[in-house]
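The next block holds one structure in the form of structure tokens; read it before the comments.
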Amino acid sequence: MNKEVICSAMKKRGITKWDSPEGIELCLHCPLSECELDNDEIGVYEVTERRKTAIQQCISLGLDVNQISERTGLSRRTVHRYIRKEEAGGNR
């Protein structure tokens with residue numbers, strides 16, 4: 001996706017890029033009752049990319065699988081699968 005898409009919670013806080021550390025942190029702990037970005041206009045690809053970016057940032061911080069799972073709200077299995085694919089060169 002070429003255009004930058006952010007939600008109202010990000011706009012309210014002056015966040016201009018969803019993949020900035022502040023954007024990802026807000027996304028992971030979203031104050032909205034329903035994700036404004038999880039819709040047909042953006043699609044599953046965008047949500048998947050956000051998850052990948054969040055996991056990558058956690059890995060770069062040296063967090064382990066349990067910490068990544070806790071911080072992102074993703075299951076340990078999902079985190080393990082991502083890491084396994086990444087190590088195999090499968091996440092692009």
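According to the working numbering, the stretch in the sequence shown is residues 1 to 92, in order.
Even for Gly, the Cβ is constructed at its ideal location relative to N, Cα and C.
Applying the criterion that 16 or more other CB atoms from any shown protein chain within 10 Å of the CB defines a buried residue, is residue 23 buried or exposed?
buried
Spatial neighbours of residue 66 in its chain, beta-carbon cut-off 7 Å, leaving aside the 5 residues before and after:
Excluding sequence neighbours, residue 66 sits near 76.
My parser needs the alpha helix (DSSP H) runs of 4 or more residues fully inside the stretch 49 to 88; what are they?
65 to 72, 76 to 87
Quick one: grab the DSSP three-state call for residue 35.
coil
Work out the CA separation of residue 59 and residue 15 for me, nearest whole Å.
23 Å
In angstroms, rounded to a whole number, what distance separates the CA positions of residue 88 and residue 57?
19 Å
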